[in-house]
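**Q** Just dropping this structure here.
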Amino acid sequence: MPIVARRIGGFPFRRGGVGLALSLVALLGLSALPVVASTPPIHDVFQDERSFIDDDTCSFDIVVHLNATIDDRLFFDDGGNLVRVHETVRQVSIEFTANGKTLTATGSGGIDLRFAADGSVTASTFGIDLLLVIPGQGPIYLDAGRAIFTFDPRIHVLFEAGPASYDVDSFCAALA
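If you read the sequence shown in this note's numbering, its first letter stands for residue 38, the second for the next number, and so on.
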């Protein structure tokens with residue numbers, strides 16, 4: 038499956054980390070950061086909560102609600118230019134609701150973005166990006182491990198390790 042095609046519940050996960058990396062850059066508003074010489078790293082911990090409608094995964098709409106604790110560290114070079122973002126996602130819960138039923142996925146992990154002088158970006162993802170277990174069936178979504186991508190602006194997969202399993206049929210059946 039193409040890297041950009043792996044989107045479950047509207048969230049790009051490890052094997053689809055492209056969207057996550059680009060979303061992170063937009064979410065953080067990195068272009069709006071002040072440039073100050075010898076800027077020390079910036080550390081921020083915050084809650085991210087959002088909801089949206091997923092109308093692609095199943096034949097019916099799913100309300101997706103995400104709640105996560107995000108731990109960001111932004112690193113700058115001596116000229117004050119952003120050179121790295123290290124984001125750890127802790128205590129993430131993703132609820133998928135449809136037809137009066139709710140499934141809850143969990144995850145932890147993060148992404149490390151490195152910005153090169155030539156404009157390319159290297160993104161490394163790590164951790165249990167997504168785990169969704171249905172009692173009696175076991176894990177129907179499991180995306181864990183590590184992956185490394187570069188953007189220049191094309192997407193290049195440099196490394197992938199760990200399981201990435203999505204039983205979309207069981208997911209949709211459980212919410213039907």
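Even glycine gets a Cβ: it sits at the ideal position worked out from N, Cα and C.
According to DSSP, simplified to helix, strand and coil, what is residue 207?
**A** The count along the sequence shown starts at 1 and reaches residue 207 at position 170. In this structure, residue 207 counts as helix in the three-state DSSP scheme.
**Q** What's the gap between the Cα of residue 109 and the Cα of residue 184?
**A** Here the question's residue 109 lines up with position 72 in the sequence shown. Here the question's residue 184 lines up with position 147 in the sequence shown. For residue 109 and residue 184, the distance between alpha carbons rounds to 19 Å.
**Q** Rounded to whole angstroms, what is the Cα-Cα separation between residue 120 and residue 152?
**A** The residue labelled residue 120 in the question sits at position 83 within the sequence shown. The residue labelled residue 152 in the question sits at position 115 within the sequence shown. Whole-angstrom Cα-Cα distance: 5 Å.
**Q** Rounded to the nearest angstrom, how far is the Cβ of residue 100 from that of residue 135, given a contact under 8 Å?
**A** Within the sequence shown, the letter at position 63 stands for residue 100. Within the sequence shown, the letter at position 98 stands for residue 135. That belief holds up - the Cβ atoms of residue 100 and residue 135 are roughly 7 Å apart, short of 8 Å.
**Q** If you scan the stretch 94-128 from start to end, which runs of the beta strand (DSSP E) of 3 or more residues do you find wholly inside it?
**A** Here the runs fully enclosed are 99-113.
**Q** Measure the alpha-carbon distance for residue 82 versus residue 106 and round it to whole angstroms.
**A** Here residue 82 is taken as the residue at index 45 of the sequence shown, counted from 1. Here residue 106 is taken as the residue at index 69 of the sequence shown, counted from 1. Whole-angstrom Cα-Cα distance: 7 Å.
**Q** When you compare only the Cα positions, how much space is there between residue 85 and residue 149?
**A** Mapped onto the sequence shown, residue 85 falls at position 48. Mapped onto the sequence shown, residue 149 falls at position 112. For residue 85 and residue 149, the distance between alpha carbons rounds to 18 Å.
**Q** Take residue 210 as the anchor and find which of 87, 95, 77, 80 has the nearest alpha-carbon.
**A** As a position in the sequence shown, residue 210 is number 173, starting the count at 1. Answer by Cα proximity: 95.
**Q** Would you call the stretch 111-118 and the stretch 137-146 in contact, with 3 or more CB pairs under 8 Å?
**A** Taking 8 Å as the limit for Cβ pairs, the verdict is that the stretch 137-146 does not touch the stretch 111-118.
**Q** Between residue 188 and residue 208, what straight-line distance do the alpha-carbon atoms span, to the nearest angstrom?
**A** On the sequence shown, residue 188 is found 151 positions in, with the first residue counted as 1. On the sequence shown, residue 208 is found 171 positions in, with the first residue counted as 1. The straight-line gap from Cα to Cα measures roughly 31 Å.
**Q** Within 10 Å of its beta-carbon, does residue 195 have 16 or more other beta-carbons around it, so buried, or fewer, so exposed?
**A** Taking the sequence shown and counting its residues from 1, one reaches residue 195 at position 158. Exposed is the call here.
**Q** May I ask you to report which of helix, strand or coil DSSP gives residue 39?
**A** Here residue 39 refers to the residue found at position 2 when the sequence shown is read from its first residue. Below a pLDDT of 50, predicted positions are generally treated as unreliable, and residue 39, at 25, falls in that range; no measurement from the model is reported.
**Q** Around the C-beta of residue 213, are 16 or more other C-beta atoms found within 10 angstroms, so that it is buried, or is it exposed?
**A** Numbered from its first residue, the sequence shown carries residue 213 at position 176. Its Cβ having fewer than 16 others within 10 Å, residue 213 is exposed.
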